[in-house]
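Residue numbers (this note's numbering), protein chains in the order written: chain L, 20 to 343; chain H, 1087 to 1224. Backbone N, C-alpha and C fix where the C-beta goes; we use that ideal spot for every residue, glycine too.
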């Protein structure tokens, strides 16, 4: 991919089912290669068809195993599925060990499944900055379902709601008492709660705590999160779990909330992109313009406050943008 | 594909082909490559050559590292190389580690395994060789 024309060729290959082209395009998006913009643009009209499902929850609750079992079920009912599994990058070396693939078992010749590991690359919130665009590539490639597994960080994987239409929070018995369930964070993300490892004692208590939470006003916009007990190892509850996901998807259509949520996400995304550009512009301006750098001295000397300096920087960056 | 921009981390697949439960070496290497700033896709134990090549293509890796201590390397490695060829993915270099007799190592190198690390190899050697292979400078 070196020009707009080769981006079109790559887009065509991806739509035509070329998995190597898809894999390379994902790398291009992850790395922010200049050509990736043209590629995503070419594919964008073909997106919006896949069901995008988020799987989140603390470390070690069995997210990858639940996904493995879900994929088996989805293949049995004839759906194609792509998985994006995000693991953290080291803040020190930038490296990472992406280990979600280890739980993944499937027929190596089955072209209707695609698994991609992603490093978070310094992004907080449970996914990488480019995960949303990677999901679009998979959507355009024609997968019926795209599953996004977040970093197993716990309470703040909020970014998944910007990507997935249904978010499943995976928990296990004995994670904590009912006060934990009152805390903000994970529990506001869930459209479906999955209590995994439910063959262990305490699963019923976990279900009871969760259903009390839902009863205490855990409803959001008319949807009471479903609670499903699973054991990914044996496959128990997986059909019910997918049933709960589909019920939420139907609810989104029935209530008209799918369209509203989509508009909200698009607005967030576009504002985010503008914010990014303005930020870069201001940083750039600050770096190049010695006069503006003097603002820093002014603030350090307490002759100017940071907000006033920010106003001046913003105005300066705006002036430069308007110049032809 | 060698990557030029230093902003994009090297992606490497670490897998153990065949029936072999000894994964300590593979884990030590995975960790060293991670600490060197690489993104290591750890596929783990009992991978078939088909699964390994499939993973390498889907993950768009720059490099494949195979660890083996079962003695089945002369059956499994040539199969991985053949599948890479069939998948038009021979540009992805393969390196190996484990218990591999010198005679076999010579034959495997001829077949296309780019580097073979026996017991006692320093992690520095493995990391620097992996980096050179991935960047296409080896």
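Endpoints, the alpha helix (DSSP H) within which residue i is located
i: residue 1164 of chain H; result: 1159 to 1172
i: residue 268 of chain L; result: 257 to 274
i: residue 56 of chain L; result: 55 to 62
i: residue 1119 of chain H; result: 1110 to 1121
i: residue 1189 of chain H; result: 1188 to 1197
i: residue 48 of chain L; result: 38 to 49
i: residue 1221 of chain H; result: 1209 to 1221
i: residue 1132 of chain H; result: From DSSP, residue 1132 of chain H is part of no alpha helix (DSSP H) but of the beta strand (DSSP E) over 1125 to 1133.
i: residue 318 of chain L; result: 309 to 319
Among the options, nearest to residue i - alpha-carbon criterion
i: residue 1103 of chain H; options: H:1173, H:1164 and H:1201; result: H:1164
i: residue 62 of chain L; options: L:45, L:314, L:70 and L:71; result: L:45
i: residue 68 of chain L; options: L:268, L:326, L:150 and L:90; result: L:268
i: residue 250 of chain L; options: L:213, L:289, L:209 and L:30; result: L:213
i: residue 225 of chain L; options: L:278, L:247, L:141 and L:239; result: L:247
i: residue 280 of chain L; options: L:301, L:240 and L:290; result: L:240
i: residue 1149 of chain H; options: H:1116, H:1107 and H:1157; result: H:1116
i: residue 274 of chain L; options: L:207, L:242 and L:261; result: L:242
i: residue 125 of chain L; options: L:110, L:308, L:59 and L:101; result: L:101
i: residue 1134 of chain H; options: L:127, L:326, L:314 and L:103; result: L:127
i: residue 153 of chain L; options: L:55, L:296, L:313 and L:335; result: L:55
i: residue 49 of chain L; options: H:1196, H:1094 and H:1201; result: H:1094
i: residue 301 of chain L; options: L:81, L:28 and L:333; result: L:333
i: residue 1097 of chain H; options: H:1109, H:1151, H:1161 and H:1189; result: H:1151
i: residue 112 of chain L; options: H:1108, H:1212 and H:1124; result: H:1124
i: residue 1172 of chain H; options: H:1156, H:1139, H:1203 and H:1195; result: H:1139
Amino acids of chain L, ordered along the chain, whose beta-carbon sits closer than 9 Å to that of residue i
i: residue 1109 of chain H; result: Per Cβ cutoff of 9 Å: no residues; residue 1109 of chain H is ~10 Å from chain L at best.
i: residue 1210 of chain H; result: Those within 9 Å of residue 1210 of chain H in chain L number zero; the least Cβ separation is about 15 Å.
Residue i, enclosing beta strand (DSSP E) - first and last residue
i: residue 212 of chain L; result: 211 to 214
i: residue 168 of chain L; result: 164 to 168
i: residue 106 of chain L; result: 100 to 106
i: residue 154 of chain L; result: Here residue 154 of chain L belongs to no beta strand (DSSP E); instead the alpha helix (DSSP H) covers 150 to 159.
i: residue 1103 of chain H; result: 1097 to 1103
i: residue 91 of chain L; result: Unbroken run through residue 91 of chain L is the alpha helix (DSSP H), 82 to 95; no beta strand (DSSP E).
i: residue 139 of chain L; result: Element bounds for residue 139 of chain L: n/a, residue is neither H nor E.
i: residue 70 of chain L; result: 70 to 75
i: residue 225 of chain L; result: Premise fails: residue 225 of chain L lies in the alpha helix (DSSP H), 222 to 232, not in any beta strand (DSSP E).
i: residue 128 of chain L; result: No beta strand (DSSP E) contains residue 128 of chain L, which DSSP labels as neither H nor E.
i: residue 186 of chain L; result: 185 to 190
i: residue 115 of chain L; result: 115 to 117
Chain H residues whose Cβ lies nearer than 9 Å to that of residue i
i: residue 285 of chain L; result: Chain H residues near residue 285 of chain L: none, gap ~28 Å exceeds 9 Å.
Neighbour list for residue i in chain H, Cβ cutoff strictly below 8 Å
i: residue 38 of chain L; result: 1143 and 1144
i: residue 42 of chain L; result: 1143, 1144, 1145 and 1146
Under 9 Å between C-beta atoms of residue i and residue j
i: residue 145 of chain L; j: residue 136 of chain L; result: no
i: residue 123 of chain L; j: residue 83 of chain L; result: yes
i: residue 120 of chain L; j: residue 1141 of chain H; result: yes
i: residue 1159 of chain H; j: residue 1182 of chain H; result: yes
i: residue 168 of chain L; j: residue 257 of chain L; result: no
i: residue 1137 of chain H; j: residue 1101 of chain H; result: yes
i: residue 209 of chain L; j: residue 244 of chain L; result: yes
i: residue 1184 of chain H; j: residue 1214 of chain H; result: no
i: residue 157 of chain L; j: residue 78 of chain L; result: no
i: residue 72 of chain L; j: residue 160 of chain L; result: no
i: residue 192 of chain L; j: residue 219 of chain L; result: yes
i: residue 187 of chain L; j: residue 105 of chain L; result: no
i: residue 142 of chain L; j: residue 178 of chain L; result: yes
i: residue 93 of chain L; j: residue 163 of chain L; result: yes
i: residue 116 of chain L; j: residue 1120 of chain H; result: yes
i: residue 335 of chain L; j: residue 315 of chain L; result: no
Cross-chain neighbours of residue i in chain L, by beta carbon under 8 Å
i: residue 1164 of chain H; result: Here the premise fails: no neighbours, minimum Cβ distance about 18 Å.
i: residue 1140 of chain H; result: 127
i: residue 1130 of chain H; result: 118, 120 and 121
i: residue 1137 of chain H; result: 127
Cross-chain neighbours of residue i in chain L, by beta carbon under 7 Å
i: residue 1094 of chain H; result: 50
i: residue 1134 of chain H; result: 127
Contacts that residue i makes with chain H (C-beta to C-beta distance below 7 Å)
i: residue 45 of chain L; result: 1146
Contact set between the stretch 98 to 118 of chain L and chain H, restricted to residues whose Cβ is under 7 Å from the partner: 109, 112, 113, 114, 115, 116, 117 and 118
Near-chain H residues of the stretch 127 to 138 of chain L - C-beta to any C-beta below 8 Å: 127, 128, 133, 134, 135, 136 and 138
Interfacial residues, the stretch 1110 to 1128 of chain H to chain L, with Cβ spacing under 8 Å: 1116, 1117, 1119, 1120, 1121, 1122, 1123, 1124, 1125, 1126, 1127 and 1128
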